[in-house]
Amino acid sequence: MPETTAIGSRLREGRTPSAVPIVPPKLTAPSVPVPVTPSYPLPAPGSLVGRQRELGLILAALPDELSQPVKSRLVLLAAEAGMGKTRLLAEVARHAVEHETLVLAGGCYEEEGRLSWGPIHDALLDYVRAQPDDMLYAQLGDLLPQLVQIVPELQPRLPHVPELPSTDAETQRLRLFSTVAQILERISSDRRLLLLLDDLHWADEVTLQVLHFLLRQPGLERVLLLGAYRSDEMAPGTQLARLVDKAGETLSIPTVSVQALSADDTSKVLAERVGGKCDMGLISTLHERSAGNPFFAMQMFRLLEREGRVRLDGGSWRLAPGAQVDLPPAVRDTIARRLRLVEPAVRTTLGLGAVLGREFPFAALEAMADASEDVLFGELDAAREAHLIRESGDGYAFVHPLLWEVAYGRVPDQRRRRLHEGATLALERLYGDSSEEHVAELAWHAVEAGSSERSVRYRIRRPPSPD
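Residue numbers for the sequence shown follow our numbering, beginning at 1321 and rising by one.
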């Protein structure tokens, strides 16, 4: 439409499409912008253990000279749940404030059902709430009618702002996208701006569309967008997944991946939080079981503490002899979220694979499954794209021992016994004359299936353990 094209041209030139006059009340001379404290619940500052590499990569986008443009418009921060990405965001924010950078922040919430404009609304709301009326009219006056559409809480405070004339949906969308870009440009006209957007794996489509729109707008040279998401909860084929793929392929956007902690760093994190050092045996057990995930390690320790399986001895926490490290409910729920990202049929196939073991041959899975080869490959591809399994030899393997443990635990007991029986038969056929090399595996399946005859046979044939 010619009208829409003309509106788009005016927006790209930085002019608003409406000529609605704004008559502010009588105001004193405009004041300077007031500092803003984000209301988004970033963790309190503290020691940052094992994250210096990630922090350095993010801060590299902020030049030392405040007048210089940022080195990347957008930086993505990817981490599995529990790895401490929000704690890292807090440290970035602290550093930015210390270097005279305005920080705005917003996050997405699963409980709010991908609320439209979610984190952008919250960040802008923090800013406008902090500014006096004269500052808002002086800095954003002609944009206030559009801003009220994004931040409706502003309307009662600014009754002199007129309503926008009605227009078609596409023009309205373009107008609001441009409004966000112009607001950020004006806020950053005399200072650097860091906009933190957390938990983008729960973001609505509008938020992600605005994020992409901002990447190609002029005038935002002093604005750094830092978007964080859980890499293990980013469903394949979603808008965020497409943005992440495009970021690496065509947009030259850096993605900083939060790595697992070393055993030494796990020890430091626990010592800081539990009031005492953990001895090397306990640290080794917790680090291996948690795979370097600080949240998992902490939850495991708390469960051991509640159940009396660790004790403080001589200033060090020690694991009781023979104590097992069970999976805490919070950790189990966190991992189960990953399984819920895929379709029920995919979860069923993963359950079959889990019964076969952490690694499972495709031929055995096919023998157990009531599905064609093409269907199975499709379901396994979906699980692989969701980072639940990886290819391994002639089959597949779960990417994390705890992921296998949760997938196995979700199979109902009675069904699990029947599946172990099927696994025993399938593996016997698969191994054939080489079954002797797999006695321990076959014995486990026979025992779990409740097959006393087979379990006795394989236990008798099982070679003795070395002393």
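We treat Cβ as the ideally placed atom computed from N, Cα and C, and that holds for glycine. Computed from a predicted model, the values in this text were never measured in an experiment.
### Query
Helix, strand or coil: how does DSSP classify Pro1439 here?
helix
### Query
What's the C-alpha gap between Leu1793 and Leu1540?
Examination of residue 1793 is not possible in this model, given that the chain is present from 1321 through 1787 alone.
### Message
Check this for me: beta carbons of Pro1614 and Thr1586, under 8 angstroms apart or not?
### Response
Contact: yes.
### CB-CB length for Tyr1716 against Ala1674, believed under 8 angstroms
The pair is not a contact, with the Cβ atoms about 11 angstroms apart (cut-off 8 angstroms).
### Query
Where does Leu1632 sit, in a helix, a strand or coil, going by DSSP?
strand
#### Entry: Sub-8 angstroms separation of Leu1514 and Thr1406 beta-carbons
The Cβ atoms of Leu1514 and Thr1406 lie no closer than 8 angstroms to each other.
### Selected residue, minimal CA-CA separation from Leu1745, among Phe1718, Met1688, Asp1701, Ile1709
Minimum Cα distance to Leu1745 is reached at Met1688.
### Between the CA atoms of Val1423 and Val1417 - distance to the nearest angstrom
For Val1417 and Val1423, the distance between alpha carbons rounds to 7 angstroms.
### Query
Below 8 angstroms between beta carbons: does that hold for Gly1404 and Arg1373?
no
### Task
Locate the beta strand (DSSP E) running through Glu1679, then write down its first and last residues.
1679 to 1681
### Val1662 and Ala1703 closer than 8 angstroms at C-beta
yes
#### Entry: Span of the alpha helix (DSSP H), counted from its first residue to its last, around Thr1799
What the structure shows of the chain is the stretch from 1321 to 1787, and residue 1799 is not part of that stretch, so it cannot be assessed.
### Query
Within 10 angstroms of its Cβ, does Ser1498 collect 16 or more other Cβ (buried), or is it exposed?
buried
#### Entry: DSSP three-state assignment for Leu1394, whether helix, strand or coil
strand
### Nearest-angstrom beta carbon gap, Glu1608 and Gln1559 [assumed within contact, 8 angstroms]
The Cβ separation is near 37 angstroms, so there is no contact.
#### Entry: Supposed contact pair Ser1572 and Arg1542 - C-beta distance, whole angstroms, cut 8 angstroms
Incorrect: roughly 19 angstroms between the Cβ atoms, too far for contact.
### Query
At what residues does the alpha helix (DSSP H) containing Leu1544 begin and finish?
Per DSSP, Leu1544 belongs to no alpha helix (DSSP H); it is in the beta strand (DSSP E), 1543 to 1550.
### Query
Touch check for the stretch 1545 to 1553 and the stretch 1515 to 1523: three-plus C-beta pairs under 8 angstroms?
Taking 8 angstroms as the limit for Cβ pairs, the verdict is that the stretch 1515 to 1523 does touch the stretch 1545 to 1553.
### Message
So, under 8 angstroms CB-CB, Val1726 and Arg1652 are touching, yes? Tell me the CB distance rounded to an integer number of Å.
### Response
A Cβ-Cβ distance of about 6 angstroms is found for the pair Val1726 and Arg1652, placing them in contact under the 8 angstroms criterion.
### Query
So what does DSSP say about Thr1421, is it helix, strand or coil?
strand
### Query
For the candidate residues Leu1670, Ala1413, Ser1610, whose alpha-carbon lies nearest to that of Ala1650?
Ser1610
### Among Leu1484, Pro1485, Val1645, nearest to Ser1618 - alpha-carbon criterion
First, the residue type needs correcting, since residue 1618 is Met and not Ser in the sequence shown. Here the closest residue by C-alpha is Val1645.
### Query
Count the other CB atoms within 10 Å of the CB of His1480; is the residue buried (16 or more) or exposed (fewer)?
That one is exposed.
### Message
Restricting to Cα atoms, I'd like to know which of Glu1411, Leu1397, Ser1387 is closest to Gly1366.
### Response
Of Glu1411, Leu1397, Ser1387, the residue nearest in Cα terms is Glu1411.
### Inter-stretch contact at 8 angstroms, needing at least 3 Cβ pairs: the stretch 1461 to 1474 / the stretch 1435 to 1451
yes
### Message
Here's the rule I'm using: 16 or more other beta-carbon atoms within 10 Å means buried, otherwise exposed. How should Glu1756 be labelled?
### Response
exposed
### Message
Please state the DSSP three-state secondary structure of Asp1518.
### Response
Reduced to three states, the DSSP call for Asp1518 is strand.
### Query
Taking buried to mean at least 16 other C-beta atoms within 10 Å of its own C-beta, is Pro1337 buried or exposed?
Because the pLDDT at Pro1337 is just 47, under 50, the model does not fix this residue reliably, and the point stays unresolved.
### Query
Buried or exposed: which applies to Gly1770, given that a residue is buried once 16 or more other Cβ atoms fall within 10 Å of its Cβ?
exposed
### Message
Does the contact criterion of 3 or more C-beta pairs under 8 angstroms hold for the stretch 1586 to 1606 versus the stretch 1620 to 1639?
### Response
yes
### Query
If Val1356 sits next to Asp1446, beta carbons under 8 angstroms apart, how far is it from one beta carbon to the other, in whole angstroms?
Rounded to whole angstroms, the Cβ separation of Val1356 and Asp1446 is 5 angstroms, and the two are in contact under 8 angstroms.
### Query
How long is the line joining the alpha carbons of Asp1753 and Leu1368, rounded to whole angstroms?
55 angstroms
### Query
According to DSSP, what are the bridge partners of Ala1684?
In the DSSP output, where bridge partners are listed per residue, Ala1684 has none listed.
### Task
Note down the Cα distance separating Arg1678 from Pro1721, rounded to an integer number of angstroms.
7 angstroms
### Query
Taking just the CA atoms, how far does Thr1605 sit from Gly1628?
16 angstroms
### Task
Taking only the alpha-carbon atoms, compute the straight-line gap between Leu1270 and Ala1567 and give it to the nearest angstrom.
Because the chain here runs from 1321 to 1787, residue 1270 falls outside it and cannot be looked at.
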